[in-house]
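There are 2 protein chains.
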Amino acid sequence: MLYIVGFGPGGYETMTVEAVRALEDSDLIVGYTTYVDLIRPWFPEKEFLATAMKQEKERCLLAIQKEEDGRKVALVCSGDSGIYGMASLVYELAARDEALMKRIRVIPGVTAAASGGALLGAPLSHDFLTVSLSDLLTPLEVIKKRIRCAAQSDTVICIYNPSSRKRGDYLRMACEIALEYLSPDTVCGYVKNIGREGEEAAVLTLEELRDTQVDMFTTVFIGNSHTRNIHGKMVTPRGYRLEEEAAAAQERT
Amino acid sequence: MLYIVGFGPGGYETMTVEAVRALEDSDLIVGYTTYVDLIRPWFPEKEFLATAMKQEKERCLLAIQKEEDGRKVALVCSGDSGIYGMASLVYELAARDEALMKRIRVIPGVTAAASGGALLGAPLSHDFLTVSLSDLLTPLEVIKKRIRCAAQSDTVICIYNPSSRKRGDYLRMACEIALEYLSPDTVCGYVKNIGREGEEAAVLTLEELRDTQVDMFTTVFIGNSHTRNIHGKMVTPRGYRLEEEAAAAQERT
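Chains as they are written, first to last, in the working numbering: chain A, 1278 to 1530; chain B, 1278 to 1530.
Structure, rendered in structure tokens:
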């Protein structure tokens, strides 16, 4: 059995009950070094194997190999196991063996869009684009087009991997595209180190976001034209008509 | 204290540990009738209050009123509490009282994009649009524009609320827009009753999806041009270059 477990933003309590059970049921837990260090204290009896950053393929191959050796393996991903997670790569590498495919079980988790959104308020109550600014695997032109399309159609944008040492100015680029269509006052937010030490959440305008430097452990939210800052919370109404109704009600009082 | 709890797709084990703790800590649990019936057996000691469908505002006002009466209240939402959940409406209704705002705690959950994705394979490993086809609160033209923009920019589309009695042909409409930009063979999938009785997952082509009738308890996934059907699993590669590399490797063998 090969579990691919999304363990959520990073605290024991933000794992699902089935993620906890899958890890308890495994006899070997494989993951990126930082995540293995995070999870190890919760399951001190287990064996762990860690691989370095950018070694995604090696990590998946290691998990598959150990499973084929007869171990019960859990491959851990932060957030969800599917959304920018390892599940797709494992399936691609397992495609050669249908029996192996059937021994894979994907355990979903709380992705940063949800956990970061909860800290900021409720930015994703309406349609949104989830986009990664990492151009390691995707041409930059495709990324830019997606951001442009979302801003054009007044869709909230949730940004994963907004920055890295080599891509220090990519968030600025994304904001500049959004500013072609959205007001500089558009309500935005970001969350750093969700559920971990150094957790930080901020609500700010699109113009301010453009001039903000964030790191790779940050998730960024660009609101739509209806998103509001309510006492420091970033809140996107569930629908357009509802908001009009609320405004009308406020006028009457 | 007013917890807004996303309880995930519908099984006890797909709740997070903190969702379980928040419900245990509450003395009153408020929710839509169907969800209250689902959760009640897991917390038989608790008091529950149920409101009917489409009574979202009344449900939130009830939760707020009970909290102001001094109760510890949990308002439950399926999936995540933010993504198409009740959190934004609660914040909007609580805006009149900053102290009340501070007593609200949003507990995120596993949204249908993640739980449905896990059942189908790994459809959301790359950028995606999350869009609801319900035009109860959003003009249909805005919804159509968002789908068009996503299809134009080769973005995976995850559809919530794809159908209802009044909107029986909306999924067909969405597929027809996508077909203007994507091949009829584009890999798609849908999941019904995730984690509940009658759970059903299917992987099919965009053309087949267009002619499929789904209900409101279904989540639909339209792949991008790189999404593959691997032994019945819907898998979107994590990046474009990686896929090319995999194809090259396959050619060499």
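Cβ coordinates follow ideal geometry from the N, Cα and C atoms, glycine included.
So residue i packs on residue j, CB below 8 Å; how close in whole Å?
i, j, result
"LEU1305 (chain B)", "LYS1343 (chain B)", "6 Å"
"VAL1294 (chain B)", "TYR1289 (chain A)", "7 Å"
"LEU1483 (chain B)", "ILE1507 (chain B)", "LEU1483 (chain B) to ILE1507 (chain B), Cβ: 17 Å. No contact."
"LYS1362 (chain A)", "GLY1356 (chain A)", "Per the sequence presented here, residue 1362 (chain A) reads as Gly, with Lys not at that position. Yes, GLY1362 (chain A) and GLY1356 (chain A) are in contact; Cβ-Cβ is about 7 Å, under 8 Å."
"VAL1387 (chain B)", "VAL1387 (chain A)", "6 Å"
"ALA1329 (chain B)", "VAL1307 (chain B)", "In fact, because the Cβ distance is near 13 Å, the residues do not count as touching under 8 Å."
"ARG1487 (chain B)", "ARG1442 (chain B)", "No, ARG1487 (chain B) and ARG1442 (chain B) are not in contact; Cβ-Cβ is about 20 Å, not under 8 Å."
"TYR1458 (chain B)", "GLN1429 (chain B)", "6 Å"
"PRO1439 (chain A)", "VAL1491 (chain A)", "5 Å"
"GLY1516 (chain B)", "LEU1338 (chain A)", "17 Å between Cβ atoms; not a contact."
"VAL1383 (chain B)", "ILE1281 (chain B)", "5 Å"
"LEU1279 (chain B)", "ILE1381 (chain B)", "5 Å"
"PRO1385 (chain B)", "SER1358 (chain B)", "6 Å"
Decide if residue i is buried, meaning its Cβ has at least 16 other Cβ atoms within 10 Å, or exposed.
i, result
"ALA1389 (chain B)", "buried"
"ASP1462 (chain B)", "exposed"
"ALA1364 (chain A)", "buried"
"MET1511 (chain A)", "buried"
"ARG1423 (chain A)", "buried"
"GLY1285 (chain A)", "buried"
"ALA1395 (chain A)", "buried"
"ARG1336 (chain B)", "buried"
"GLU1369 (chain A)", "buried"
"SER1502 (chain A)", "exposed"
"GLY1398 (chain B)", "buried"
"LYS1331 (chain A)", "exposed"
"THR1513 (chain A)", "buried"
"LEU1417 (chain B)", "exposed"
"ASP1302 (chain B)", "exposed"
"THR1504 (chain A)", "buried"
"ARG1412 (chain B)", "Looking at the sequence itself, residue 1412 (chain B) is Asp, so the reference to Arg does not match. Buried, since its Cβ has 16 or more Cβ neighbours within 10 Å."
"THR1310 (chain B)", "exposed"
"PRO1400 (chain A)", "buried"
"THR1530 (chain B)", "Caution applies to THR1530 (chain B), whose pLDDT of 44 falls short of 50 and renders its modelled position unreliable; the value that the coordinates give is listed next. THR1530 (chain B) is exposed by the Cβ-count criterion."
"LYS1469 (chain A)", "buried"
"ALA1391 (chain A)", "buried"
"GLY1445 (chain B)", "exposed"
"GLY1283 (chain B)", "buried"
"GLY1475 (chain A)", "exposed"
"ALA1451 (chain B)", "buried"
Applying a beta-carbon distance threshold of less than 7 Å, which residues of chain A neighbour residue i?
i, result
"SER1409 (chain B)", "ASP1404"
"LYS1422 (chain B)", "SER1430"
"PRO1514 (chain B)", "SER1365, GLU1369"
"LEU1401 (chain B)", "GLY1359, ILE1360"
"ALA1479 (chain B)", "Under the 7 Å cutoff, chain A gives no residues; its nearest Cβ is about 17 Å from ALA1479 (chain B)."
"ALA1451 (chain B)", "Going along chain A, no residue has its Cβ under 7 Å from ALA1451 (chain B), so there is no contact; the nearest lies around 12 Å."
"GLY1273 (chain B)", "Chain B is shown from 1278 up to 1530; residue 1273 (chain B) falls before or after that span and cannot be answered."
By the criterion of Cβ-Cβ separation under 8 Å, what are the contact partners of residue i in chain A?
i, result
"MET1378 (chain B)", "ILE1507, HIS1508, LYS1510"
"VAL1297 (chain B)", "VAL1294"
"GLU1375 (chain B)", "HIS1508"
"CYS1426 (chain B)", "CYS1426, ALA1427, GLN1429, SER1430, THR1432"
"GLY1285 (chain B)", "THR1293"
"GLY1475 (chain B)", "Residues of chain A passing the Cβ test: none, with the nearest at roughly 19 Å."
Identify the contact partners of residue i in chain B, using a Cβ-Cβ distance below 7 Å as the criterion.
i, result
"VAL1387 (chain A)", "THR1293, PRO1385, GLY1386, VAL1387"
"SER1460 (chain A)", "Ordered by position in chain B, no residue passes the 7 Å Cβ test against SER1460 (chain A), which lies about 17 Å from the chain."
Residues of chain B with a CB under 8 Å from the CB of residue i: which are they?
i, result
"GLU1290 (chain A)", "THR1293, VAL1294, GLU1295, ARG1298"
"ALA1455 (chain A)", "In chain order: nothing, as chain B lies at least about 14 Å away."
"SER1392 (chain A)", "PRO1385"
"GLY1500 (chain A)", "Per Cβ cutoff of 8 Å: no residues; GLY1500 (chain A) is ~11 Å from chain B at best."
"ALA1552 (chain A)", "With chain A represented from 1278 up to 1530, any question about residue 1552 (chain A) goes unanswered, as that position is not in the structure."
"GLY1466 (chain A)", "Under the 8 Å cutoff, chain B gives no residues; its nearest Cβ is about 12 Å from GLY1466 (chain A)."
Please go through the region 1310-1394 of chain B and give each complete alpha helix (DSSP H) segment of 4 or more residues, from N-terminal end onward.
With a minimum length of 4 residues, the continuous alpha helix (DSSP H) runs that stay inside the region 1310-1394 of chain B are 1310-1316, 1333-1345, 1364-1371, 1375-1379.
Ignoring anything shorter than 4 residues, give me the alpha helix (DSSP H) runs that lie fully in the region 1388-1455 of chain A, in order along the chain.
1389-1397, 1417-1429
List, from N- to C-terminal side, the beta strand (DSSP E) runs of 3 residues or more that fit wholly inside the region 1462-1523 of chain B.
1464-1469, 1477-1482, 1495-1499, 1505-1507, 1510-1512
Please list the residues of the region 1348-1364 of chain A that have a C-beta atom closer than 8 Å to any C-beta atom in chain B, keeping them in chain order.
Under the 8 Å Cβ criterion, the region 1348-1364 of chain A contributes ASP1357, SER1358, GLY1359, ILE1360, TYR1361, GLY1362, ALA1364.
Length at least 3, wholly inside the region 1278-1308 of chain A: the beta strand (DSSP E) runs in chain order
Scanning the region 1278-1308 of chain A for uninterrupted beta strand (DSSP E) segments of 3 residues or longer gives 1279-1283, listed from N- to C-terminal end.
The region 1325-1341 of chain A: which residues have C-beta closer than 9 Å to a C-beta of chain B, in chain order?
Taking 9 Å as the Cβ-Cβ cut-off against chain B, the residues of the region 1325-1341 of chain A that qualify are GLU1333, LYS1334.
Taking only beta carbons into account, state which residues of the region 1437-1448 of chain A come closer than 7 Å to chain B, listed in chain order.
Those would be none; no residue qualifies.
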